[in-house]
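Undergrad: Protein sequence lines, in the order shown, are assigned to chains A and B. Residue 3 is where the first sequence starts when you use this note's numbering, and the numbers rise one by one after that. Residue 2 is where the second sequence starts when you use this note's numbering, and the numbers rise one by one after that. In this text, a Cβ means the ideal position worked out from N, Cα and C, and glycines have one as well. Keep in mind the model is a prediction, meaning the values are calculated, not measured.
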Amino acid sequence: MTQAIVVEGLRKKFGQREVLHGLDFAVEPGTVFGVIGPNGAGKTTTMRCLLDIIRPSAGSISVLGEDPRRAGTELRRRIGYLPGELHLENRTTGRRVLEHFAAISGPVDQRHVNDLADRLELDLDRQTRKLSKGNKQKLGLLQAFMHKPELLILDEPTSGLDPLVQQVFHAMVREAVDGGATVFLSSHVLSEVQQAADAVAILRDGDIVTVSTVEALRTAAVRQLRFNSTGTEAHDVGALLARVPGVANVAVRELPADGHAAGTVEATATLSGHIQPLIQELARLNLTDLVLEEPDLEEAVLKLYSGGDAPSNAPHSLGASKQPEGAHRA
Amino acid sequence: MPRPLPLFTKALTDSWRSTLAWALGLTAAIMLYLPLYPSIGGSSQMQQMIDALPPGMTKALNYDQIATGPGYTQATLFGLIGFLLMSMAAVGWGAAAVGGDEESGLLELTLAHSVTRVQVVLERALAILVRTAILAALVFVLVLVLNGPAQLGIDVGHLFGAVLLFAALALLSGTAALFAGALTGRKVYGVAVGAAVAVLGYVFNAVGRQSTNVEWLLNLSPYHWAYGNSPVANGADWGAVTGLLCISAALIALGALALQRRDVGV
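1) Please classify Lys135 (chain A) as buried or exposed, where buried requires at least 16 other C-beta atoms within 10 Å of its C-beta.
2) Just the C-alpha distance for Leu160 (chain B) and Arg125 (chain B), rounded to the nearest angstrom, thanks.
3) How about Val99 (chain A) and Lys140 (chain A): do their beta carbons lie closer than 8 angstroms?
4) Quick check: is the beta carbon of Lys188 (chain B) nearer than 8 angstroms to any beta carbon in chain A?
5) If we count the other Cβ atoms within 10 Å of its Cβ and call it buried at 16 or more, is Glu158 (chain A) buried or exposed?
6) Quick one, which of B:Ala178, B:Ala227, B:Thr117 and B:Gly154 has its alpha-carbon nearest Pro39 (chain B)'s?
7) Just to confirm, are Ile213 (chain A) and Ala223 (chain A) a CB contact at a threshold of 8 angstroms?
8) Please list, in chain order, the residues of the segment 7 to 41 of chain A that have any C-beta partner in chain B closer than 7 angstroms.
9) Measuring straight from C-alpha to C-alpha, what distance separates Leu124 (chain A) and Val115 (chain A)?
10) With a threshold of 8 angstroms between beta-carbons, can Pro70 (chain A) be considered close to chain B, or not?
11) Thinking C-alpha only, which one of A:Val34, A:Leu118, A:Lys138 and A:Leu77 is nearest Thr117 (chain B)?
12) Determine, for Met2 (chain B), whether the minimum Cβ-Cβ distance to residues of chain A falls below 8 angstroms.
13) Would you say Arg97 (chain A) reaches chain B, if we count a Cβ-Cβ gap shorter than 8 angstroms as a contact?
14) Leaving aside the five residues before and after Phe35 (chain A) along the sequence, list all residues of the same chain whose C-beta is less than 6 angstroms from its C-beta, in chain order.
15) Between which residues of its own chain and Gly26 (chain B) is the CB-CB distance below 7 angstroms, once the five residues before and five after are set aside?
16) Select from B:Val215, B:Leu110 and B:Leu170 the residue whose C-alpha is nearest the C-alpha of Ala250 (chain B).
17) Could you pull the start and end residues of the beta strand (DSSP E) that Ser231 (chain A) belongs to?
18) Going residue by residue through the segment 166 to 245 of chain A, where are the continuous beta strand (DSSP E) segments of at least 3 residues, counting only ones entirely within it?
19) Please check if any C-beta of chain B sits within less than 8 angstroms of the C-beta of Ser59 (chain A).
20) In chain A, which residues lie less than 7 angstroms from Val116 (chain B) when you measure between Cβ atoms?
21) Any idea what DSSP makes of Arg121 (chain A), helix, strand or coil?
22) Return helix, strand or coil for Leu53 (chain A), following the three-state DSSP convention.
23) Using 8 angstroms for Cβ pairs, my map puts Gly240 (chain A) next to Ser274 (chain A). What's the rounded Cβ distance?
24) If you drop the 5 nearest sequence neighbours on each side, which residues of the same chain put their C-beta closer than 6 angstroms to that of Lys14 (chain A)?
25) Would you mind telling me which residues of chain B sit closer than 9 angstroms to Pro85 (chain A), beta carbon to beta carbon, in chain order?
26) Hey, Val208 (chain B) and Val215 (chain B): beta-carbon distance below 8 angstroms or not?
27) So, using beta-carbon positions, are Thr160 (chain A) and Ser189 (chain A) closer together than 8 angstroms?
28) Tell me which same chain residues have a C-beta within less than 8 angstroms of the C-beta of Gln120 (chain B), skipping the five on either side of it?
29) Can you give me the C-alpha to C-alpha distance between Arg131 (chain A) and Ser88 (chain B), rounded to a whole angstrom?
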């Protein structure tokens with residue numbers, strides 16, 4: 003089976019400014035592929051290139067086995083698209099918007115539309131100008147999903163949706179994938195993507211920093227560790243932790259006797275990598291409390307982002323943080 | 002099920018309010034101007050007043066011919082107020098069709114669906130053509146209705162030709178606006194270019210008629226191509242009808258080509 007999307011050496015220049023510097027990635031059919039990056043990284047530009055809304059300056063694109071530049075209308079009938087900035091006409095209703103797009107990209111099963119609208123709790127007969135941002139976004143999702151496309155290209159799909167509706171959206175994505183569709187979605191927040199995506203590309207300043215699975219990101223990410231134990235000297239607890247690969251920032255102290263069992267030691271550390279070696283070491287201790295936090299993928303990704311532009315930001319943030327401190331002291 | 006010409010039907014139905022508003026404006030203008038002909042244009046007093054005006058001014062306003070019913074209709078309705086209203090309508094529609102749609106961010110999503118860009122331009126141009134035709138037909142009927150009561154004495158065939166030129170002239174401004182909008186993606190450029198075609202055409206005609214030294218300006222004036230021989234009085238110049246429609250068709254084709262070749266929404 004051919005890949006759903008293949009992008010090779012994709013470059014895009016607007017005038018003199020190059021915003022995509024040669025992207026390479028491929029999306030396997032029947033998977034969810036997430037692109038994460040801060041605003042301005044090139045996510046929207048990449049998606050618009052896939053839909054032939056803008057044209058690459060260099061490189062090749064294949065979408066569902068076809069070149070979007072040449073394939074024409076039949077290809078776009080097989081794609082559902084949610085733009086990053088969704089604009090809707092004012093003097094119309096959701097139903098009429100959907101009917102229009104159905105007339106272009108149909109056929110559309112009306113029961114499917116009604117079903118999706120029910121699940122998203124969207125009133126299709128309201129005037130679009132009276133819809134909240136979240137409700138407009140639901141309408142945008144509906145027009146992307148309604149003709150059951152083979153490929154969904156969704157730019158910041160969860161933006162403006164409250165958590166409950168996000169769950170509905172994730173269910174819709176899963177159902178689409180179960181039905182054989184491929185989903186290509188973007189976000190500037192990893193936590194929104196990690197739930198849905200099989201693979202994640204991290205985009206920064208028009209370059210792909212890494213393509214990885216959410217699982218691999220999770221392994222690479224740093225977790226916070228904190229535990230209390232009794233019966234072991236603080237010094238020995240520290241030594242034990244130091245033996246575990248991936249453990250860093252170890253801090254150990256003996257807790258004061260009041261409120262705790264005598265000789266309670268509290269330890270904090272960070273862990274990156276696998277947890278099994280840590281658990282094996284901790285099993286030697288007499289633990290009274292243990293917290294191993296959910297890995298902060300956000301942190302992991304932010305580290306990747308900040309790789310390039312740290313020097314330019316540093317003086318600015320330094321100056322900003324110093325001033326109030328000084329004022330406070332005076 | 003896919004319907005035929007979805008963009009055309011949408012453009013037409015979405016703009017019924019504006020079409021109705023322009024129709025009301027044209028109706029009001031016709032109802033105000035034409036019934037006054039017996040007391041203004043046809044009266045000898047008025048003729049004396051016009052004779053007293055500087056000849057340059059009467060020529061610029063086409064008032065040199067308002068002593069006859071067809072001349073009066075030509076000068077006041079087709080040459081001035083009707084021309085103004087119809088051009089504004091067509092320019093507004095033309096500028097909104099692609100440039101305005103792109104600027105408001107709507108075009109991106111439309112193009113992501115199963116349409117071609119050429120289809121977008123052509124269907125929307127067709128919607129402008131139909132709306133212009135509706136307004137022109139209304140003008141034709143209203144003038145015909147008033148022809149007897151207002152003692153205008155207009156030949157029906159000549160009126161038909163004049164209305165055709167009236168529509169073709171407005172369509173030219175509208176398609177110029179469409180083209181500029183499709184080329185730039187900005188509504189304001191569409192309005193500017195469309196309005197320039199209408200206004201410069203009018204000004205070149207007004208100035209060109211002043212003396213033989215500046216007569217060459219008339220050749221650059223679509224307004225003069227259409228109205229130079231007073232079609233309400235003398236019948237249409239069919240070459241002008243064809244010429245105007247051909248330029249409009251060319252502008253539509255160029256608009257489609259321009260949109261086809263560029264990035265949208267950047």
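TA: Straight from the coordinates:
1) Indexing the first sequence from 1 puts residue 135 (chain A) at position 133. Burial call: exposed.
2) As a first step, residue 160 (chain B) must be located in the second sequence, where it is residue number 159. As a first step, residue 125 (chain B) must be located in the second sequence, where it is residue number 124. Approximately 28 angstroms between the Cα atoms of the pair.
3) To locate residue 99 (chain A), count along the first sequence from 1; it is residue 97. To locate residue 140 (chain A), count along the first sequence from 1; it is residue 138. No, Cβ-Cβ distance for Val99 (chain A) and Lys140 (chain A) is not below 8 angstroms.
4) Along the second sequence, read from residue 1 onward, the residue named residue 188 (chain B) stands at position 187. At a cut-off of 8 angstroms between C-beta atoms, Lys188 (chain B) does not count as an interface residue with respect to chain A.
5) For the purposes of this step, residue 158 (chain A) is identified with residue 156 of the first sequence, where counting begins at 1. Counting of Cβ neighbours within 10 angstroms places Glu158 (chain A) among the buried residues, the total reaching 16 or more.
6) For the purposes of this step, residue 39 (chain B) is identified with residue 38 of the second sequence, where counting begins at 1. Cα-wise, what sits closest to Pro39 (chain B) is B:Gly154.
7) In the first sequence, the residue the question calls residue 213 (chain A) occupies position 211. In the first sequence, the residue the question calls residue 223 (chain A) occupies position 221. Checking the sequence shown, residue 213 (chain A) turns out to be Val, not Ile. Result no, Cβ atoms of Val213 (chain A) and Ala223 (chain A) do not sit closer than 8 angstroms.
8) Cβ contacts with chain B come from Phe16.
9) If you number the first sequence from 1, residue 124 (chain A) lands on position 122. If you number the first sequence from 1, residue 115 (chain A) lands on position 113. The straight-line gap separating the alpha-carbon atoms of Leu124 (chain A) and Val115 (chain A) is approximately 11 angstroms.
10) Along the first sequence, read from residue 1 onward, the residue named residue 70 (chain A) stands at position 68. Residue contact with chain B for Pro70 (chain A): absent (no Cβ-Cβ distance below 8 angstroms to any residue of chain B).
11) On the second sequence, residue 117 (chain B) is found 116 positions in, with the first residue counted as 1. Scanning A:Val34, A:Leu118, A:Lys138 and A:Leu77 for the CA closest to the CA of Thr117 (chain B) turns up A:Leu77.
12) Stepping through the second sequence from its first residue, residue 2 (chain B) is reached at position 1. Residue placement at Met2 (chain B) is poorly supported in this model, since its pLDDT is 48, which falls under 50; the coordinates still yield a value, given next. Yes, contact with chain A.
13) The residue given as residue 97 (chain A) occupies position 95 in the first sequence. Cβ-Cβ to chain B under 8 angstroms: no for Arg97 (chain A).
14) On the first sequence, position 33 is the one that residue 35 (chain A) refers to. Correct list, in chain order: Val29, Phe186 and Ala201.
15) Indexing the second sequence from 1 puts residue 26 (chain B) at position 25. For Gly26 (chain B), where only same-chain residues beyond five positions count, the Cβ hits under 7 angstroms are Leu86.
16) Along the second sequence, one-based indexing puts residue 250 (chain B) at 249. If you compare the alpha carbons of B:Val215, B:Leu110 and B:Leu170 with that of Ala250 (chain B), the shortest gap goes to B:Leu170.
17) As a position in the first sequence, residue 231 (chain A) is number 229, starting the count at 1. In the DSSP assignment, Ser231 (chain A) falls within the unbroken beta strand (DSSP E) covering Val224 to Thr232.
18) Within the segment 166 to 245 of chain A, the runs of beta strand (DSSP E) at least 3 residues long that lie entirely inside it are, in chain order, 184 to 189, 201 to 206, 209 to 215 and 224 to 232.
19) As a first step, residue 59 (chain A) is located in the first sequence; it is residue number 57 there, counting from the start. Closer than 8 angstroms: no.
20) Start at 1 with the first residue of the second sequence, and residue 116 (chain B) comes out as number 115. Residues of chain A passing the Cβ test: Thr75 and Ile106.
21) One-based indexing of the first sequence puts residue 121 (chain A) at position 119. In the three-state DSSP reduction, Arg121 (chain A) falls in the helix class (H, G or I).
22) The count along the first sequence starts at 1 and reaches residue 53 (chain A) at position 51. Reduced to three states, the DSSP call for Leu53 (chain A) is coil.
23) The residue labelled residue 240 (chain A) in the question sits at position 238 within the first sequence. The residue labelled residue 274 (chain A) in the question sits at position 272 within the first sequence. Contact between Gly240 (chain A) and Ser274 (chain A) does not hold, since the beta-carbon distance rounds to 18 angstroms and is not under 8 angstroms.
24) Within the first sequence, residue 14 (chain A) is the residue found at index 12, counting from 1. For Lys14 (chain A), same chain residues with a beta-carbon under 6 angstroms away, outside a window of 5 residues either side, are Val21, Leu22, Thr47, Pro58 and Ser59 in chain order.
25) Residue numbering aside, residue 85 (chain A) sits at position 83 when the first sequence is read from its first letter. Listed along chain B are Gly106, Glu109, Leu110, Ala113 and Gly266, each with a C-beta nearer than 9 angstroms to that of Pro85 (chain A).
26) Translated into the one-based positions of the second sequence, residue 208 (chain B) becomes position 207. Translated into the one-based positions of the second sequence, residue 215 (chain B) becomes position 214. For Val208 (chain B) and Val215 (chain B), yes; Cβs fall inside 8 angstroms.
27) Along the first sequence, read from residue 1 onward, the residue named residue 160 (chain A) stands at position 158. Along the first sequence, read from residue 1 onward, the residue named residue 189 (chain A) stands at position 187. Yes; because the gap between Cβ atoms is below 8 angstroms, this pair is in contact.
28) As a working mapping, residue 120 (chain B) is identified with position 119 in the second sequence. Taken in chain order, the residues that qualify are Leu8.
29) Working through the first sequence from its first residue, we reach residue 131 (chain A) at position 129. Working through the second sequence from its first residue, we reach residue 88 (chain B) at position 87. When rounded, the distance between both Cα atoms is 30 angstroms.
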